[in-house]
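This report concerns only the one structure given below.
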Amino acid sequence: MSFLDYAPAPESRAILSLRPSYGLFVDGEFVDGNGPAFTTISPATEEGLTEIATADDADVDRAVAAARKAYDRVWSKLSGSDRGKYLFRIARLVQERARELAVAETLNNGKPIKESRDVDIPLVAAWFFYYAGWADKLDHAGLGPDPRPLGVAGQIIPWNFPLLMLAWKIAPALASGNTVVLKPAETTPLTALLFAEILQQADLPPGVVNIVTGPGATGQALVRHPDVDKIAFTGSTAVGREIARATAGTRKRLTLELGGKAANIVFDDAPIDQAIEGVVNGIFYNQGHVCCAGSRLLVQENVHDDVVERLKQRLTTLRLGDPLDKNTDIGAVNSAEQLERIRELTAAGEEEGATRWSPPCVLPDAGFWFAPTIFTGVQTSSRIAREEIFGPVLSILTFRTPQEAIAKANNTPYGLSAGIWSDKGSRVLAVADELRAGVVWTNTFNRFDPASPFGGYKESGYGREGGKQGLSAYLAPAGGIR
Amino acid sequence: MTVDGSGARVARRAGSAGAGGALELLDGPVTDTTLRRYLEGIPGVDAVGLEQRAAGLATRSLKTSSKAMALDRVIELIDLTTLEGADTPGRVRSLVAKAITPDPSDPTCPRVAAVCVYGDLAAVAVDALGPFHAPRARAAGTSGIAVAAVATAFPSGRASLAVKLADVADAVAAGADEIDMVIDRGAFLSGRYEQVFEEIRAVKEACRRPDGEDAHLKVILEVGELVTYDNARRASWLAVLAGADFIKTSTGKVASNATLPMTLLMLEVVRDWHRLTGEQVGVKPAGGIRTSKDAIRNLVTVAETAGEEWLRPSLFRIGASSLLNDVLLQRQKARTGHYSGADYVTID
Amino acid sequence: MTRLAVPKTYKLYIGGKFPRSESGRTYEITGAGGDFLANAAQASRKDARDAVVAARSALKGWSAATAYNRGQVLYRIAELLEGRRAQFVDELVRSEGLTERRAAAVIDTAIDRWVWFAGWADKFAQVLGNGNPVAGPYFNLSVPEPTGVVAVIAPQAGEGHSLTGFVSAVAPALVSGNTVVVVASRSAPLSAISLSEVLATSDVPPGVVNVLTGSPAEIAPWLASHADVNAIDLVGAGALDWVQLQIDAAETLKRVLQPEDGPGAPAPTLARISAFTETKTVWHTKGLL
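Protein chains in written order, with the numbering used here: chain A, 8 to 489; chain B, 2 to 349; chain C, 28 to 316.
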């Protein structure tokens, strides 16, 4: 037996007891949806987990009405400090139920338990804790004295960080005094519904947060609803564009956090072992289902071969498999649909002449899986260098000078994030200045913090989440929007 | 895997191989200048990233059969150590007895790799080991327990080269199979790399034995006094260039000892050296590893950095004293299914 | 005997030069009383395209200039305007039909706006940006950066709109380092062209401000759909099909400010500066070892 054949170390599912079905969460209660219920699954096994309700237009209308009523009668009249106290309560309840939430997230999303346990859920709690403190200090948010909330916020979130994206949306919205109708992603509704239970435990007034589950059509109904004052969306650029069109000419405020094709730039003086870790973390974290993933490795030509060799060696130690196993590094792809897209784009990469490599890796029979993959010899014109794959696939390109690295990094319609690896502080800061990206990680990657604004340039969307800047997405100055 | 418990067969490079390799890599004679050029050309270490990687490795969860395997492996890799001013022959005999029979209640319990003592007590250890001493055991076709002696004015290293070499020669003559030397941290920190290099080479020479069974050389960097990861990385390369069979973190006598990031960093150096030259150099974290959990984290770090083949006594050791009993308690728990207590393992 | 006046030819301002429209078209500018004032160039989509190219090429230099330098350059505009008050008063009287006293108030306001915005150049980043206390060993700093090329449909109506409205829309975009393609007041473009002449002789680098005259209804759709335009300010587009412009702008996720009306629009605010900035957050590890 090899030492590296770690015996299974599964996190227990016993902590999680799911109901056979979940309704919509409207006005403080779970209610039936008008649409056909559907089964939400574990992408690692395709096992059904529970039945989820589908909200149709009438259900969305009911949820918006509940949010409006709660806004008018309760939430907008509450003091900032009381709103904050509710958020603190929520933060604590998330911490208390952290393990249960982590297990549910991993089951429904397919991400490794070590990530949901050590990153997602702790950050969820941190996000509520951070914005809780803002609720009675909005005069200092940078919008002048007495900024006012917008009203009812419609929020649509993706499947890659289901509960964390919920926290990014709900925490600043509630702190600012808005009420919320949130639509989780179709494939990952589970933790949002557990979160609804937490809201009941926190005794949050009914209607302040409403959760409507369902497919894209449910989200469209929310976007089009005339009584929604604000839309916040995280997801693909294609859908973001649709939403921007749909809200054009309306008074709805809009923030969008969309796709990316981040460059991770490795200079020849980089702290090499940490850079390799950063590259691996940059693209294989969460199976590459990360909008800010470092999907383009730009490596200085004189260290290309060394970097690729070290990268390959490192990838052989990645462990793909049961997401609930505490030693799993790479979990399941979230859906058959996403798996198909990854397959299509990687096939295109090969057809375009790039060289494909994956470590030896046994994929489970059931569920949706894709081995960590790197492409060398990628040209800037390749589809895999331009399109967001949203999977564990790294495209490696080279550069010769800092100017060339910057030009290649910026040569994309996206502009969400970037990475720089170098020991030379002066150059690092100069390159960071030149990159057209909302988040630049230097000698690190994929770090998130509620105090740190996150969001993109160009087609990666607009508005920021996190930090003081995250509040302005949900507030207007006392004198009006401008 | 066959466990090679012999320190005497730790590494097969000739004494000069490392130095010869050094001449090639440095592209010139070994001087402060050429060494500086080489060592300072090595990529830097980002402390935050290194510590995060170590923390990530520390989350590996070894359960059931993996844990049982790991616990036995830990024992096989221990240099059971006593390095007190108050050490006596009696104390060393007691340590040796523990090394031979770690758990009297369990005959399946493996033996440690070596006992590690001050040079003046090496002869006592050799005598106490008797047929279990590695050279005799090997002759009889089994592995055995090596005797490691700290030398070169351990732990400070503050003595003349002549005194250090005499210290080494004494220990070797007394039957030590392995010499744990300390580098001159003062020389390293003031940039006298050539002096450090030459001292290691001289000690390596002093490890020679007429019978050809040379004592093997572990070079203690005392990373707690080098302080930075960049220094530790350069010192690791310097020691490997000079012909170290092992690089070792610490004496155990200063505040900061074998942290997991430091061990990881040194494993990266030996991994890179192997890529460069095909030669294998060992790593020994020492000081501060007191629990099974810490030790298993070290094993995981070895296996996922340098590779599983490093998980043998010729390439990895853990210098420890109280660790052994914690591992024994864990083994007893695994065997009996209930938690054991301090009175059910022997004090050495 | 009175001297025969020399009328001025009003042209476009693109890349620091004053070309006629590539289309060769002009249109008649009349005064408030319907009297002929001048022929102005009627910009085409190709002029708009050229203006975007000029704005894009000027972006790197302008956005990389030090904030102190940008502030001085913007302040210099105010200095030059002060010396040409009479000309602007005259044009405002003729084209907007203002009394001389009110026209003087408009130019005063316009000059003061340049001064106000100039002062922001090296301060807005301190007010809008911040260091972030993240939970880890990181230096973490958020700073606002210019969005890029900003198209502006300048105010089309209201007293002083052709100058103060124009300045109040253009100046905030320039503060952070954006470059601008602005469609001037259709009915009263004279002040905008004369201001361009001031810009051309000031320290504002060529291409940083590009001024198009003609039909906003014709030009705006090309700007709203232009992939190399990063943002569009529809402040003066209220009479256009601005909803369609906003829909067009969605194709490349442009930042959009919706139309404003009312006298004095747009008001000078920090929000106008921040509307065309992108917050960049830089993380760097901090390690002593």
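Positions of the beta carbon are idealized from the N, C-alpha and C atoms, including for glycine.
Check	Outcome
Residue 284 of chain A at chain C interface by Cβ criterion, 8 Å	no
Start and end residues, beta strand (DSSP E) containing residue 282 of chain C	282-284
The segment 335-352 of chain A / the segment 369-380 of chain A touching (three or more Cβ pairs under 8 Å)	yes
Selection from B/291, B/197, B/126 and B/149 that minimises the alpha carbon distance to residue 242 of chain B	B/197
Minimum Cβ-Cβ distance from residue 423 of chain A to chain C less than 8 Å	no
Extent of the continuous beta strand (DSSP E) to which residue 176 of chain C belongs	176-180
Alpha-carbon to alpha-carbon, residue 202 of chain A and residue 165 of chain A	16 Å
Chain A within 8 Å of residue 59 of chain B, Cβ atoms only	no
Residue 480 of chain A versus residue 251 of chain A: straight-line alpha-carbon distance, rounded	15 Å
Beta carbon of residue 92 of chain A nearer than 8 Å to that of residue 160 of chain A	no
Chain-ordered chain A contacts of residue 304 of chain B [CB-CB under 9 Å]	9, 10, 11 and 324
Paired residues, beta bridge with residue 146 of chain B - DSSP	B/134
Beta-carbon proximity list for residue 336 of chain B, same chain, < 6 Å, skipping 5 on both sides	none
heavy atom of the ligand COA below 7 Å from residue 307 of chain C C-beta	As presented, the structure is devoid of all ligands, the ligand COA included, so that no description of it is given.
Inter-residue spacing [alpha-carbon to alpha-carbon] between residue 279 of chain A and residue 320 of chain A	13 Å
Touch test, the segment 203-219 of chain B against the segment 184-195 of chain B, Cβ-Cβ under 8 Å, three pairs minimum	no
Proximity of residue 37 of chain C and residue 75 of chain C at Cβ, strictly below 8 Å	no
Own chain residues within Cβ distance below 6 Å of residue 65 of chain A, not counting five before or after	41
Test: residue 465 of chain A CB closer than 8 Å to a CB of chain C	yes
Same chain, Cβ closer than 8 Å to residue 223 of chain A, neighbours up to 5 away in sequence not counted	193 and 246
The segment 81-95 of chain B / the segment 315-330 of chain A touching (three or more Cβ pairs under 8 Å)	no
C-beta contact flag for residue 182 of chain B and residue 224 of chain B at 8 Å	no
Residue environment, residue 127 of chain C, which counts as buried when at least 16 other CB atoms sit within 10 Å	exposed
Check whether residue 189 of chain B and residue 236 of chain B have beta carbons under 8 Å apart	yes
Stretch pair the segment 251-259 of chain C + the segment 147-157 of chain C: three plus CB contacts closer than 8 Å	no
Enclosing alpha helix (DSSP H) for residue 274 of chain C [first to last residue]	269-277
Three-way DSSP call (helix, strand, coil) for residue 92 of chain B in this model	helix
Any C-beta of chain C under 8 Å from that of residue 485 of chain A	no
Nearest-angstrom beta carbon gap, residue 158 of chain B and residue 185 of chain B [assumed within contact, 8 Å]	5 Å
Burial state of residue 34 of chain B, where buried means 16 or more other Cβ atoms lie within 10 Å	exposed
Within 8 Å of chain A by C-beta, residues of the segment 143-172 of chain C in sequence order	154, 155, 157, 159, 160, 161, 162, 163, 165, 167 and 169
Three-way DSSP call (helix, strand, coil) for residue 76 of chain C in this model	helix
Whole-angstrom distance between residue 234 of chain B and residue 217 of chain B, CA atom to CA atom	22 Å
Contact under 8 Å by Cβ, residue 190 of chain A with residue 235 of chain A	no
Where the alpha helix (DSSP H) containing residue 293 of chain B begins and where it ends	293-306
Minimum C-alpha distance to residue 293 of chain C - residue among C/184, C/250 and C/231	C/184
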